[in-house]
Structure formats: C-alpha cells, structure tokens
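Chains as they are written, first to last, in my numbering: chain D, 1 to 154; chain R, 155 to 431. Ideal Cβ positions, reconstructed from N, Cα and C, are used throughout, including at glycine.
This is how it looks when you write it as structure tokens:
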C-alpha cells in the first residue's frame, strides 16, 4: 500500500486498503511519554497514521470515523516518522514546518474528507484498541480499511 | 398543556439520535449541483453518500457528535408534572442518547484539565418564555471544527451592511477548509456582546433571513472566495446564509458569524405537532 501512496501524484484521489493506526492530540502526547521509557510499540515498518477519533459504535457495527485537523499534530511528526511512519492522513494544511519535515523524510501526507464520518465508518472492516484504551476516542486504534478515499497532498 | 418529564426526556433522546444520523435540517439536501465537474463533483458525491450511508446504516453523520445545544421556547402556561427542571430533563436525554446511540462523547469538564465527562453533558440551554401554552425545543449538535472558526466583533454603526459583509467574508476566508465547508452561516447583527452569538445560532437553527439587502451583499462578496468543498479547489464554499437583525444600543453594532460544517444537525420538537404530545 505504501508504494501505491508514494507513487500517486500530488492532488490525485486514491483509495487506501490495509492497516492504519489512528492517533490524535492526547495519544500523541501519551506516545511521546511512552517511548521515553519503552520500546517502539509498532511492529511494522511502513506505518500509516490517521489523525482521527472514532465513535464507540464499531463494537455495535455502526461506527463513524473521520479526520481531525493535522496541523495540531505537526509537533509530533518527527516522532511518528522515527517510529516508522511512511504516510500520514488527516485534514487540512500542515504548514511550512510540517511540509519540510515530510519532504526531508520522504513521507506522504494525505487529506481525508472532513466530517464524512459515516462514509469512512463503512470502509472500516476491523478495529482493535492498540494503545491507551483509557483515552476513549483518543486512544490509538489499529484498523483495517478497504476503499478509504483521500487526496494525496505531498 | 402539560407533559410528563419522562415522556419529554424520551422524545428528546429520540430527537438527538435522529439528528445525529438523519437530521431534519438536511432532509432532501444534496451537495451536488449542475455546475460541478471533476474533483469537486467527486467530493460532493462523497458528502451525498455520507448522508445516505448514515441513514441506511444508522451511523452518526460525523464522528464528532458535537456539543448539544437546546433553544427552548416555553409557553407561560406550559407545565411539567413532577419536580425536575427542564435542564435536568434535557441533560438526562443527552446522557442516554450518547450512551445508547454509541455517539462520541466530546465534552471535557474543565478547559485546562481536559478530562472527559464521559456522557457528553452538559448541554447548553437557551430558554425563552413565550405567550401561550406550547413547548418548542430545537436541538443542535455542533462539531468543534466549525465552532472554532466562527467569530464575533463589536463593529461601529457607521460600518453598515458593507462593513458587516466584509467581516463575514474575512471570517469565511480565514476559516478556509478548517471547519469542513460547504458552510451554513448564521449571521446576527445587533443585540449585545453576550447575545449576538446566540442570535446568530437562532438564525441558523430556524433557517431564517430578515435582511435581504445584507444577504445579497454577502453572497456577492462570497463569490471571491478561492476554495470549494472541504477547502479544496472548487466553487461551493458556502451552502447557505441566514441573517438575523436585532435591536441594539445607539453606540453599538455587535456582529456574530456562526459557521456550521456540511453536517448541519438540527431537529425540532414541538407540542404544536400532534406526534410530539
């Protein structure tokens, strides 16, 4: 999947299928503390992170999920890349600083469609809590998606 | 007119669940128009499909299930049997709806401590006592993204409609894609510092417009916006604009612009409607 993302031209639509990890404000903070004391919790190398906080309905078969604003996560981009991120998905612009970090490391940034929670919810085939269950919607979830649409920005 | 508090709580709970999935405010609405092509058409199709999937699979329209706001118009002769106040009843409805409907709980108890209240309460309630004996309650579920890009300003009377329209334009331009456009914009002019924002939400909730002249100037200026659906290139940054004018002080001209994302989630309960009794 990573190869397909990296080779997609900028400003093009693409559909993602495979494993992605959700993360957002609080879980970024928690993860930064976590890796000070423990090893990289992610086993894979080509990681895709999705800045999002799902509704609890996935346990009931009717969950929704959608992107949150990526610019708030820029301070954590380098940490995510050091843990193996090859693509980040969120909403909106990441600013000059965010773009610089991504370009230096050859990491892609994709913009998903804000507020299309039900649409994205239907693309989720499997979801499990990966880290920080105490954070509820802000926990890190490992999800399997199929036909998840986005626009490649960088 | 009198209602049992449990009856009302259940009605409002159902209204919240319906508003989260298939809101009255978007019945029959489509994001597609005949001038759209390419990428913008594709985005509009995603948003139309979002409405369809939410309805068909009973999923929340947006993962941000919002802050709950109630606008209550309670007739002076309307009464409840039982001792609970209206705010207590409405908060019970919120709590049960967010739990039973698997809606995301997004409220934190303190702006600095940021600990989740875990039931999406408190709701914010605006009460108005009216003549007569009916009860009407509007519920609005509003996400954080579009609330964060709303704005207000204490303008001067001399700035007039042109000045207000410029402020609306600047607010929406600055918002860009951050608040998930196409936006539904509620504009209020007048009132006081504290009330103007509430009036702007009222304009949005009731989809009312009482100043065609301002609306025309605003719509004309908005043609210069350089983004479309969700902030990408396109021609559809604003779905609709509602204007409310309010009496104010001789020295003042407060203005508020409330932006709502494409998921406009508003529902209405009223004892004037037979099914709500």
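Problem set entry | Minimum C-alpha distance to residue 88(D) - residue among 20(D), 113(D), 119(D) and 138(D) | Translated into positions along the first chain, residue 88(D) becomes position 88. Distances from the alpha-carbon of residue 88(D) to those of 20(D), 113(D), 119(D) and 138(D) put 20(D) closest.
Problem set entry | residue 204(R) (DSSP reduced to helix, strand or coil) | On the second chain, position 50 is the one that residue 204(R) refers to. Residue 204(R): helix per DSSP, three-state reduction.
For this session: Name the two residues that bound the continuous beta strand (DSSP E) containing residue 409(R).
Result: One-based indexing of the second chain puts residue 409(R) at position 255. Here the beta strand (DSSP E) through residue 409(R) covers 407-414.
Exercise. Which residues, taken in chain order from the segment 201-235 of chain R, show a beta carbon closer than 7 Å to some beta carbon of chain D?
Worked result: 201, 203, 204, 207, 208, 211, 212, 213, 214, 215, 216, 217 and 219
For this session: Answer yes or no: do residue 145(D) and residue 123(D) have a C-beta to C-beta separation smaller than 7 Å?
Result: Start at 1 with the first residue of the first chain, and residue 145(D) comes out as number 145. Start at 1 with the first residue of the first chain, and residue 123(D) comes out as number 123. Contact: yes.
Exercise. Residue range of the alpha helix (DSSP H) that residue 34(D) falls in?
Worked result: Working through the first chain from its first residue, we reach residue 34(D) at position 34. For residue 34(D), the enclosing alpha helix (DSSP H) begins and ends at 25-37.
Problem set entry | Neighbouring residues, chain R, relative to residue 69(D) (Cβ below 8 Å) | Here residue 69(D) refers to the residue found at position 69 of the first chain. Correct list: 299 and 332.
For this session: Give a yes or no on whether the minimum CB-CB distance between residue 132(D) and chain R is below 7 Å.
Result: Translated into the one-based positions of the first chain, residue 132(D) becomes position 132. No, residue 132(D) does not count as interfacial toward chain R.
Exercise. Near residue 172(R), which residues of its chain fall below 7 Å by C-beta distance, leaving aside the five closest residues on each side in sequence?
Worked result: For this step, residue 172(R) is matched to residue 18 along the second chain. These residues qualify, in order along the chain: 421.
Exercise. Which whole-angstrom value is the C-beta distance of residue 341(R) and residue 303(R), which I expect to be below 8 Å?
Worked result: As a working note, residue 341(R) is residue 187 in the second chain. As a working note, residue 303(R) is residue 149 in the second chain. No, residue 341(R) and residue 303(R) are not in contact; Cβ-Cβ is about 14 Å, not under 8 Å.
Exercise. So residue 260(R) and residue 419(R) are in contact, right, with Cβ under 8 Å, and what is the actual spacing, rounded?
Worked result: In the second chain, counting from the first residue as 1, residue 260(R) sits at position 106. In the second chain, counting from the first residue as 1, residue 419(R) sits at position 265. Contact doesn't hold; Cβ gap of about 13 Å is too wide.
For this session: Within its chain, find whatever has a CB closer than 6 Å to the CB of residue 351(R); leave out the 5 residues flanking it on each side and keep chain order.
Result: Here residue 351(R) refers to the residue found at position 197 when the second chain is read from its first residue. Hits under 6 Å: 306 and 410.
Problem set entry | residue 125(D), enclosing beta strand (DSSP E) - first and last residue | Along the first chain, one-based indexing puts residue 125(D) at 125. From DSSP, the beta strand (DSSP E) with residue 125(D) extends over 124-131.
Problem set entry | Rounded distance between the beta-carbons of residue 292(R) and residue 359(R), thought under 8 Å | Translated into positions along the second chain, residue 359(R) becomes position 205. Translated into positions along the second chain, residue 292(R) becomes position 138. Confirmed, Cβ separation roughly 5 Å.
For this session: Determine which residues of the segment 375-396 of chain R have a Cβ less than 8 Å from any Cβ of chain D, and write them out in chain order.
Result: 384, 385 and 386
Exercise. Can you tell which of 25(D), 153(D), 2(D) and 111(D) has the C-alpha that lies nearest to the C-alpha of residue 18(D)?
Worked result: On the first chain, position 18 is the one that residue 18(D) refers to. Residue 2(D) is the option with its Cα nearest to residue 18(D).
Problem set entry | Proximity to residue 122(R) [Cα-Cα], best of 232(R), 274(R), 264(R) and 231(R) | Nothing about residue 122(R) can be reported from this structure: the residues present for chain R run from 155 to 431 only.
Problem set entry | Rounded separation between residue 63(D) and residue 397(R) - CA only | Locating residue 63(D) in the first chain gives position 63, counting from the first residue. Locating residue 397(R) in the second chain gives position 243, counting from the first residue. Each residue's alpha carbon lies about 35 Å from the other.
For this session: Report yes if the CB atom of residue 94(D) is closer than 7 Å to the CB atom of residue 111(D), and no otherwise.
Result: The residue given as residue 94(D) occupies position 94 in the first chain. The residue given as residue 111(D) occupies position 111 in the first chain. Judged by their CB atoms, residue 94(D) and residue 111(D) are not nearer to each other than the 7 Å cut-off.
For this session: Kindly indicate if chain R contains any beta-carbon less than 7 Å away from that of residue 97(D).
Result: Here residue 97(D) is taken as the residue at index 97 of the first chain, counted from 1. No - not a single Cβ of chain R is within 7 Å of the one on residue 97(D).
Exercise. Going by Cα to Cα distance, which pick from 69(D), 118(D) and 131(D) is closest to residue 40(D)?
Worked result: Here the question's residue 40(D) lines up with position 40 in the first chain. Nearest C-alpha to residue 40(D): 131(D).
Exercise. How about residue 66(D) and residue 217(R): are their beta carbons less than 7 Å apart?
Worked result: Here the question's residue 66(D) lines up with position 66 in the first chain. Here the question's residue 217(R) lines up with position 63 in the second chain. A contact, by the Cβ cut-off of 7 Å.
Exercise. Do residue 272(R) and residue 114(D) have their C-beta atoms closer together than 7 Å?
Worked result: Translated into the one-based positions of the second chain, residue 272(R) becomes position 118. Translated into the one-based positions of the first chain, residue 114(D) becomes position 114. No, these two residues do not count as a Cβ contact at 7 Å.
Exercise. Where DSSP assigns a beta bridge to residue 110(D), which residues make up the other side?
Worked result: On the first chain, residue 110(D) is found 110 positions in, with the first residue counted as 1. BP columns for residue 110(D) point to 89(D) and 152(D).
Problem set entry | Residue range of the unbroken alpha helix (DSSP H) whose run includes residue 159(R) | Taking the second chain and counting its residues from 1, one reaches residue 159(R) at position 5. Where residue 159(R) is concerned, the enclosing alpha helix (DSSP H) stretches over 159-175.
Exercise. Going straight from the alpha carbon of residue 156(D) to that of residue 316(R), what length do you get?
Worked result: There is no way to answer for residue 156(D), as the model of chain D reaches only from 1 to 154.
Exercise. What's the C-alpha gap between residue 238(R) and residue 159(R)?
Worked result: Stepping through the second chain from its first residue, residue 238(R) is reached at position 84. Stepping through the second chain from its first residue, residue 159(R) is reached at position 5. Between residue 238(R) and residue 159(R), the C-alpha separation is close to 7 Å.
For this session: Check residue 363(R) in the structure and name its three-state DSSP category.
Result: Mapped onto the second chain, residue 363(R) falls at position 209. Coil, per DSSP.
Problem set entry | Option nearest residue 285(R) by Cα separation, candidates 332(R), 232(R) and 321(R) | Position 131 of the second chain, counting from 1, holds the residue named residue 285(R). It is 232(R).
For this session: Could you name the residues of the same chain whose beta carbon sits closer than 6 Å to that of residue 53(D), not counting the 5 residues immediately before and after it, in chain order?
Result: Numbered from 1 along the first chain, position 53 holds the residue referred to as residue 53(D). If the five residues before and after residue 53(D) are omitted, its C-beta is found closer than 6 Å to the C-beta atoms of 24, 137 and 138, all from its own chain and listed in chain order.
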